[in-house]
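Counting from 2, one number per residue, gives the positions in the sequence shown under this note's numbering. Note that the Cβ used here is the ideal one computed from N, Cα and C, for glycine as well.
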Amino acid sequence: MARSAYKLLEINEKKNLILIGHRVIDLGSAPGSWLQVSEKLTGRRGRVLGIDLQELNHPFGPNVLHFVADVFTTPPEVLLEPFGGRKANVLLSDMAPNTTGHGDDHLSARLCRRVLELAPSILKPGGNLLMKVLEGGDMPALMEETRALFREVGATKPAASRDVSREIFIWAKGFQGTLENDEVPQSPANKHKIAPKAPAGWGSVVADSRSPESKADPKKGESGGASLPG
Ligand SMILES: C[S@@+](CC[C@H](N)C(=O)[O-])C[C@H]1O[C@@H](n2cnc3c(N)ncnc32)[C@H](O)[C@@H]1O
2 MARSAYKLLE INEKKNLILI GHRVIDLGSA PGSWLQVSEK LTGRRGRVLG
52 IDLQELNHPF GPNVLHFVAD VFTTPPEVLL EPFGGRKANV LLSDMAPNTT
102 GHGDDHLSAR LCRRVLELAP SILKPGGNLL MKVLEGGDMP ALMEETRALF
152 REVGATKPAA SRDVSREIFI WAKGFQGTLE NDEVPQSPAN KHKIAPKAPA
202 GWGSVVADSR SPESKADPKK GESGGASLPG
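This is the structure:
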């Protein structure tokens with residue numbers, strides 16, 4: 002199993018973020034280790050949706066679906082289509098920017114802020130969050146922004162993370178965002194964005210809604226090194 006899988010297992014062991022029967026949205030899901038872990042943790046009644054700029058080349062069971070998509074251009078209602086419009090119990094993000102050595106922490110914080118921006122539209126009240134961030138100047142503000150939305154918030158570096166890695170995982174429980182029902186707002190702006198068609202079923206790659214920029218550079222956003230789940 003890939004190292005990233007152990008990070009999620011270790012954090013979930015302590016925090017119980019993902020439970021049997023949960024609907025999980027995994028942002029930045031390729032090559033698929035967190036999907037594999039989430040699939041196991043949620044069991045036969047669970048549903049797991051992953052999105053990433055990259056394709057998966059590993060087949061998953063019938064409860065896992067994957068979109069090739071960019072989180073910055075994917076409207077929230079598209080993420081809920083596979084759940085029949087119902088919000089997720091858990092939002093995961095292991096997203097990482099292309100590392101350049103300069104300003105990577107800011108790019109990482111920008112990805113986290115997109116996760117927090119999406120949360121009111123796609124995460125159930127009371128829902129849980131786990132997101133990766135590269136430690137840096139944005140960290141205190143990001144913690145505050147997360148605290149404003151959740152009942153309980155903390156940061157952890159799992160033992161499975163390499164010692165030299167600057168990655169930290171912000172976990173949060175008890176979402177108390179502003180949208181209190183399961184309605185997904187249909188903003189006029191969203192209507193103009195590319196929306197993948199609703200999937201006919203689970204367990205297959207159904208759409209590619211990456212931005213033209215990302216399609217032109219298929220390696221954009223890749224930070225990986227993690228191997229496919231075995
Ligand atoms: C460390 S990998 C994720 C590993 C994954 N959690 C696993 O266990 O296999 C980070 C991923 O974030 C994705 N990513 C970065 N920016 C993204 C964006 N704007 N939209 C969607 N995915 C993005 C990258 O393509 C990359 O696959």
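The stretch 108–119 makes contact with the stretch 138–156, as at least three CB pairs between them are under 8 Å. Residue pairing for F151: DSSP places it in a beta bridge opposite F176. Only residues of its own chain outside the window of five on either side were considered, and among them I19 and L42 have a CB closer than 7 Å to the CB of N13, listed in chain order. Of A97, G86 and L92, the smallest CA-CA separation from A120 is found for L92. For K88, the number of other beta carbons within 10 angstroms of its own is at least 16, and it is reported as buried. For V154, the CB contacts under 6 Å within the same chain, skipping 5 residues up- and downstream, are T147, R148 and A173 in chain order. DSSP, reduced to helix, strand and coil, places P126 within a strand of the structure shown. Distance from the C-beta of P77 to the nearest heavy atom of ligand 1 is not below 7 Å. Taking every protein chain shown into account, the CB of V165 has fewer than 16 other CB atoms within 10 angstroms, so this residue is exposed.
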